[in-house]
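Below: the structure, in structure tokens.
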Amino acid sequence: MTPHPDPETAQEIAAHLNDSHADGVLNLARTFVSPKISQAQIQTVHADGLTLLAGNQSRFLPFLLRDADTREQVHYLIFYARVQQGALIDGGDFRYFTVLGSERVSPNMQRLTLKSQSPIPANEVGLAWYFTLHAVSPDKGRLKNLKHLFHRIVMRLLRHTNAHRRQKILNTFYQGKRYYTLRRVEKSSETQALEDIALVDVFLHGDTAGSQWARNIKIGDTVRSSAEYREQTAHLAAGQALLIGDETALPTVAALLENWQNPVPPIVISITQHPDDQAYLPDSLLPERTTLIRISAADDVAAAVTDNLKNIGQTVETAWGALEAGDANTVRRHLKQQFGLTGKQAKIKGYWRWEDGKA
Ligand SMILES: Cc1cc2nc3c(=O)[nH]c(=O)nc-3n(C[C@H](O)[C@H](O)[C@H](O)COP(=O)(O)OP(=O)(O)OC[C@H]3O[C@@H](n4cnc5c(N)ncnc54)[C@H](O)[C@@H]3O)c2cc1C
């Protein structure tokens with residue numbers, strides 16, 4: 001066991017996995033310790049492996065790749081364990097939807113109304129689905145088994161390839177897929193026992209794959225998600241909370257506000273590139289006495305957010321937000337510096353990334 005040369009990064013990786021990928025950490029424990037484990041936590045990330053607390057046992061898991069940085073090593077272990085536990089590299093937890101409607105709810109936000117073939121959890125704020133952007137048909141069980149065998153072989157092969165090739169191979173599993181958040185659930189009829197309609201809002205920006213998918217979708221199309229992701233928002237239940245979102249995170253911010261239970265009204269920072277998209281988050285959605293800051297900017301978003309926070313004149317005790325990855329890092333560090341917020345108190349995510357070359 002060799003100590004990590006950058007303890008802060010090591011701690012961030014462990015906290016991120018424990019907070020946001022609890023299922024992945026449990027898969028590690030079930031794969032490397034015992035299939036019966038029901039609780040697990042990453043204790044420490046080292047230079048050459050990680051220490052896992054699985055039930056009441058502490059176990060060192062060595063990293064398995066050649067010439068990889070810590071993040072890639074940890075991701076590989078998580079993917080490896082996921083496949084060992086019967087899932088596919090890119091999820092394989094399929095949910096199929098029929099498109100019932102598609103409409104513009106602000107100049108650049110496209111709302112898709114999707115009927116799920118299976119019930120949708122009613123009160124899950126921050127649930128996102130990993131949508132496949134090309135035409136799909138339901139998977140036959142036999143095909144799924146073959147795919148799983150193939151993914152097990154790929155995971156083994158990855159150990160013997162160089163970093164560049166490894167990345168190329170993994171990218172093939174993720175290209176053509178994007179996360180979009182459940183904005184709201186509804187029932188397709190009053191007699192329906194469980195919710196089965198999902199509203200999903202997609203930000204249209206240029207000719208990107210996700211934008212084209214949402215623009216071209218037609219009523220009656222079948223769409224599929226292959227994995228689910230759940231944002232952690234329970235920490236916002238008490239104290240002065242701050243919510244920050246650009247167009248990609250405003251669906252979660254809107255859902256949080258619609259279900260706001262904390263007696264302390266939140267501070268909300270709504271960021272849109274086009275001022276007219278501010279209409280997506282109407283004032284009527286805000287709990288009384290909410291402090292609302294509207295920012296319309298495409299560049300220097302992090303600076304606009306931190307400048308506003310410096311002048312806010314209020315303390316902040318918890319935060320949730322998502323925006324461009326580099327901006328998210330800046331805002332996270334700023335919240336630590338200005339308000340002393342730890343990773344548990346401030347969950348600020350990167351939901352997308354500028355192409356190389358752009359600030
Ligand atoms: C958990 C989670 C939930 C999400 N929920 C939503 C949601 O509900 N609605 C939603 O619209 N998105 C959501 N996103 C973001 C979404 O998944 C896409 O990644 C993102 O919108 C970019 O996909 P794309 O195909 O449009 O562009 P990509 O092909 O991924 O990117 C191509 C280039 O376009 C530019 N670009 C990408 N995104 C943006 C942007 N937002 N603004 C300006 N330029 C951009 C960058 O230069 C990028 O390199 C979520 C992401 C995560 C991780």
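Residue 1 is where the sequence shown starts when you use the UniProt record's numbering, and the numbers rise one by one after that.
For each residue, glycine too, the CB sits at the ideal point set by N, CA and C.
Here the structure is a predicted model, which means the values were calculated and not measured.
- Here the C-alpha atom of Gln261 lies approximately 20 Å from the C-alpha atom of Lys344.
- Under the three-state reduction of DSSP, Met1 is assigned to coil, being neither helix nor strand.
- Between Val223 and Phe94, the C-beta gap is not smaller than 7 Å, which leaves the two residues out of contact.
- With a threshold of 6 Å, the Cβ atom of Trp260 does not count as near ligand 1, since no heavy atom of the ligand is closer than that.
- If you look at Lys349, you'll find it in the beta strand (DSSP E) that goes Ala346 to Trp352.
- At least 7 Å separates the beta-carbon of Leu61 from that of Gln73.
- Distances between the C-beta of Arg156 and the heavy atoms of ligand 1 are all 6 Å or more.
- Distance from the CA of Ala14 to the CA of Ser225, rounded to the nearest whole angstrom, comes to 27 Å.
- Under the 10 Å beta carbon count, Pro3 is surrounded by fewer than 16 other beta carbons and is classified as exposed.
- Our two residues, Trp129 and Thr181, have alpha carbons roughly 6 Å apart in a direct line.
- Here Ser137 is exposed: its Cβ has fewer than 16 other Cβ atoms, across all protein chains shown, within 10 Å.
- In the same chain as Val83, and ignoring 5 residues on each side of it, the C-beta atoms closer than 7 Å to its own belong to Ile89, His151, Arg152 and Met155, in chain order.
- In this structure, DSSP gives Gly326 a helical state, which the three-state scheme calls helix.
- In the three-state reduction of the DSSP assignment, Pro107 falls in the coil class, being assigned neither a helical nor a strand state.
- At a cut-off of 6 Å, the beta-carbon of Trp352 counts as near ligand 1: some heavy atom of the ligand is closer than that.
- Between the C-alpha atoms of Thr342 and Ala135 there is a straight-line separation of about 42 Å.
- Between Ala10 and Val45 a beta carbon distance of about 4 Å is seen, short of the 8 Å cut, so the two are scored as contacting.
- Across the set Ser106, Ile37, Asp69 and Phe63, the C-alpha of Ile37 shows the shortest separation from the C-alpha of Asn56.
- Boundaries of the beta strand (DSSP E) around Ala241: Ala241 to Gly245.
- Going by DSSP, Glu186 is part of the beta strand (DSSP E) stretching over Lys177 to Glu186.
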